[in-house]
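Numbering (my numbering), first residue to last: 2 to 235. Below is one structure, written out as structure tokens; comments come after it.
Set out below in structure tokens:
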């Protein structure tokens, strides 16, 4: 059998290694170029002055409203009354009141002027005749008797308010009142640390009897009087 011989010039695998290296080099070169490739894009010009709101604005037509003219004022014509010429007009005669030599002079006698007594308040400490407390009519010192009877009245009528005791309220209440010209008690005023104590002080003064009014220059006058009432817990 005859053996087939190969032509070394016709051997296709002889340069395969060279072709493989050349192809690999080309692929690496293309890959490098692709990775390093940079492209620049042109930025479009945008007009920032034109906004969306400008596009949304619609032109508005101006319109004019005609108002009716104001009504004319109603003018009432004056009423003219015609007086006939026959009407007589009475003249007003003004007489002179200045005295002359013929004026009669009338003599005027004395005029009695009634004196109105002046409403005054005379303090208890300076009044001429102090008010007389019932029971002091025959006392030589009516002023001292008045003070003694006033203290006795407060002691007998005094009653400590229960609510003030429970709250532990105590103190001094200044009481001021006026003995009127008829001997009654009026214009009562109090000033103290608690309303309950003031109320009790007013109750004590309201129990005072009617007195003989004080007198100044023989006339009955109002006499203001003040006294402290002390509330003290034991």
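Glycine included, every Cβ here is placed at the ideal spot set by N, Cα and C.
Worksheet item: My guess is that residue 158 and residue 224 are in contact by the Cβ rule of under 8 Å, so how many angstroms apart are they, rounded?
Response: At roughly 21 Å, the Cβ-Cβ gap does not stay under 8 Å, so residue 158 and residue 224 are not in contact.
Worksheet item: How long is the line joining the alpha carbons of residue 133 and residue 214, rounded to whole angstroms?
Response: Answer to the nearest angstrom: the Cα atoms are 7 Å apart.
Worksheet item: Using the C-alpha atoms, what's the distance from residue 183 back to residue 155?
Response: Straight-line measurement puts the Cα of residue 183 at about 22 Å from the Cα of residue 155.
Worksheet item: What residues match up with residue 130 in a beta bridge as DSSP calls it?
Response: Residue 130 has 216 as its beta-bridge partners, per DSSP.
Worksheet item: By how many angstroms is the C-alpha of residue 141 removed from the C-alpha of residue 203?
Response: If I take the Cα positions, the gap works out to 30 Å.
Worksheet entry | Per-residue DSSP class, three states only, for residue 208 | Looking at residue 208 - three-state DSSP - the assignment turns out to be coil, as it is neither helix nor strand.
Worksheet item: Going straight from the alpha carbon of residue 53 to that of residue 37, what length do you get?
Response: No answer about residue 53 holds up, because its pLDDT of 45 lies below 50 and its placement is not dependable.
Item to complete: Using the Cα positions of residue 66 and residue 72, report the straight-line distance between them to the nearest angstrom.
Response: For residue 66, the predicted structure reports a pLDDT of 47, less than 50, and the residue's modelled location is therefore unreliable. A value from the coordinates is still provided. Straight across, the Cα-Cα distance linking residue 66 with residue 72 is about 18 Å.
Discussion item. On the criterion of 16 or more Cβ atoms from any shown chain inside 10 Å, does residue 193 qualify as buried, or is it exposed?
Written reply: So residue 193 ends up on the buried side.
Item to complete: For residue 241, count neighbouring Cβ atoms within 10 angstroms of its own Cβ and tell me buried if that reaches 16, exposed if not.
Response: One cannot answer for residue 241 here, as it falls past the ends of the chain, which runs 2 to 235.
Practice prompt. Pick out the complete beta strand (DSSP E) segments inside the segment 146–234, 3 residues or longer, and give them in chain order.
Written response: DSSP runs (the beta strand (DSSP E)) wholly in the segment 146–234: 172–180, 186–192, 224–232.
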